[in-house]
Amino acid sequence: MFPTLSHLVNYLFGTDFSWPIPTFGFFVGLSFVLSYLTFRSEFARKEQIGDIHAFPEPMKSRVNRTWLIILGYGITGFLLGFKGTALFVNATAFFNRPFSWIFSGEGHLSGGLILSSLCMVYIFLTYRRSERRIAQDEVQMVRPRELMPTLVLWAAITGFIGAKLLNIFEDYGLYQSHSIWDMLRFSGLTFWGGLLFGAASYLYIGMRKGIHWRHLADIGSLGMLVAYGVGRMGCHLSGDGDWGIVNTVDKPFSWLPNWMWSFDFPHNVIHQGVYIPGCAETYCYVLPEGVFPTSLYESTAILLIFVILWMIRDKIKLPGLLFTIYLFVVGTERFLIEFIRVNYKFDVFGFPLSEAQLISLGILLLAVFMVVYLYINRHNKLTKSKIQL
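Residue numbers (the UniProt record's numbering): 1 to 389.
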């Protein structure tokens with residue numbers, strides 16, 4: 001596996017250098033960037049075809065919101081600089097205890113202040129250009145894509161909170177003997193918690209600005225797919241523990257590479273398994289038995305579906321339909337993959353189901369509801385138009 005980005009680059013290109021950037025962290029950052037670009041592109045497309053429109057906003061309210069956004073990005077920049085600079089200065093401390101280090105008070109104060117200042121200046125100049133020559137008592141028309149800084153900031157904050165809360169609920173037995181501060185320091189973030197809380201804040205902000213929830217949901221579907229797929233690839237390449245159960249089944253196709261069917265995740269980032277004899281690196285553990293590389297399966301499936309939906313998105317005319325497809329895809333994929341993943345199972349009427357499967361069932365029920373809702377809504381509109389004719 002490739003615990004740092006240099007491990008991956010050295011493997012691909014035969015180089016030999018050390019660059020202490022965690023592979024998982026790099027792919028998480030890449031997923032945010034690609035998701036942001038996808039969201040922005042979809043906002044622009046929806047605006048161009050007339051599904052969403054610019055909305056009026058008093059200049060005074062916009063200025064107040066701008067300062068809150070600047071402050072939020074300043075805090076975010078400080079945290080990234082505080083930890084990121086410390087990572088480069090003393091990478092060993094991070095590699096020895098990555099998760100506890102992230103939630104500790106260790107960091108580089110100067111790096112945090114510098115990046116915080118740069119983020120605040122960038123956001124200030126970006127908004128300053130659009131607010132120039134407009135008086136405080138005037139009303140400005142705001143294009144929906146200009147909401148992106150606000151949406152990203154709040155989705156990230158609420159998403160992190162949700163991911164942590166759901167993880168505490170999922171592993172309550174592990175956490176109940178610890179204080180609140182210990183809970184924050186221990187590792188563990190749940191995908192569904194981040195998705196649900198982040199999506200809720202995204203919809204709330206967008207609907208407050210007069211954008212219909214169905215258009216917001218459609219816009220968010222592709223962005224969430226690409227973020228999920230790229231993030232899962234980071235899980236696989238780093239070997240962060242999101243693998244499956246031991247695979248003792250014979251490989252179904254001779255042409256299929258062994259690592260795609262059963263993999264032992266050597267040099268995984270969480271030091272899981274048995275020691276590799278003669279290894280002198282930081283990451284020297286390998287699983288004793290091959291397991292299903294479920295994170296690879298998830299990433300491949302999700303990114304493939306993203307590409308297909310991206311290519312046909314202009315042909316999907318009914319608002320809310322793209323979101324419905326997204327619900328079916330994510331709900332079905334996660335429910336099925338959980339059967340071969342390592343996860344705690346609950347006894348649900350005699351069936352062993354994981355927390356992710358229970359949420360997936362809820363997502364699938366929501367998808368069914370959306371199908372019925374869209375059909376009835378479209379039928380009513382057609383009936384009304386016929387009566388008017």
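C-beta atoms are modelled at their ideal positions from N, C-alpha and C, and glycine is treated no differently.
All values reported here derive from a predicted model rather than from experimental measurement.
By the three-class DSSP mapping on this structure, what secondary structure does residue i have?
i      : result
Arg341 : strand
Glu289 : coil
Phe43  : helix
Leu353 : strand
Met1   : coil
Pro144 : helix
Tyr275 : strand
Pro56  : strand
Phe17  : coil
Pro149 : helix
Asp51  : coil
Val371 : helix
So, for residue i: in the same chain, excluding its five sequence neighbours on each side, which residues have a beta-carbon less than 6 Å away from its beta-carbon?
i           : result
Gly198      : Ala155, Thr158, Gly159
Phe335      : Gln357, Ser360
Phe78       : Gly112, Ser116
Trp19       : Leu5, Ser6
Lys83       : Gly107
His271      : Tyr285
Ser201      : Trp154, Ala155, Thr158
Val269      : Pro3, Ser238, Gly239, Asp240
residue 391 : Since the first residue shown for the chain is 1 and the last is 389, residue 391 is missing from the structure and cannot be characterised.
Arg341      : Gly244, Thr294
Do you know how far the Cα of residue j is from the Cα of residue i?
i           : j      : result
Phe88       : His7   : 16 Å
Phe263      : Gly244 : 10 Å
Gly220      : Phe39  : 6 Å
Thr85       : Leu118 : 14 Å
Met311      : Val249 : 36 Å
Gly107      : Asn90  : 9 Å
Leu277      : Leu30  : Reading off the sequence shown, one finds Pro at residue 277, where the question assumed Leu. Approximately 34 Å between the Cα atoms of the pair.
His267      : Thr126 : 43 Å
Leu296      : Val226 : 14 Å
Phe339      : Leu216 : 32 Å
Val274      : Cys284 : 8 Å
Ser254      : Pro293 : 17 Å
Pro56       : Ser35  : 27 Å
Gly72       : Ile21  : 25 Å
Val291      : Phe265 : 8 Å
Phe349      : Pro288 : 34 Å
Pro319      : Met224 : 17 Å
residue 436 : Val28  : Limits of the chain in this structure are 1 at one end and 389 at the other, which puts residue 436 out of reach.
residue 391 : Asp218 : The structure shown does not extend to residue 391, since the chain spans only 1 to 389, so no value can be given for it.
Phe351      : Leu196 : 25 Å
Asp182      : Thr383 : Note on Asp182: pLDDT 49, under 50, position unreliable in the model; the coordinate value appears next. Taking the straight line joining both Cα atoms gives about 59 Å.
Pro257      : Met1   : 16 Å
Lys209      : Leu68  : 17 Å
I'd like the list of long-range same chain contacts for residue i, defined as Cβ closer than 7 Å, with 5 residues on each side in sequence excluded.
i      : result
Gly74  : Ser116, Cys119, Met120
Leu80  : Leu115
Phe124 : Ile70
Ile363 : Leu327, Val330, Gly331
Glu298 : Arg232, Glu333, Ile337
Under 8 Å Cβ to Cβ from residue i, same chain only, skipping five residues before and after it: list those, please.
i      : result
Asn343 : Ser354, Glu355, Ala356
Met207 : Trp213, Leu216
Phe346 : Pro352, Leu353, Ser354, Glu355, Leu358
Checking contacts by CB at 7 Å: is residue i closer than that to chain D?
i      : result
Arg214 : You won't find chain D in this structure, because it holds only one protein chain.
Checklist entry - Is the segment 356–374 touching the segment 323–334, taking contact as three or more C-beta pairs under 8 Å? => result Verdict: yes, contact present.
Item to check | Whole runs of the alpha helix (DSSP H) within the segment 219–272, excluding any shorter than 4 residues | outcome: Taken in chain order, the complete alpha helix (DSSP H) segments of 4 residues or longer contained in the segment 219–272 are 258–261.
Checklist entry - Just checking, does the segment 297–305 make contact with the segment 232–246 on the three C-beta pairs under 8 Å criterion? => result Enough Cβ pairs lie closer than 8 Å, so yes.
Item to check | Runs of alpha helix (DSSP H) wholly within the segment 67–93 (minimum 4 residues, chain order) | outcome: Entirely contained in the segment 67–93, not one alpha helix (DSSP H) run reaches 4 residues.
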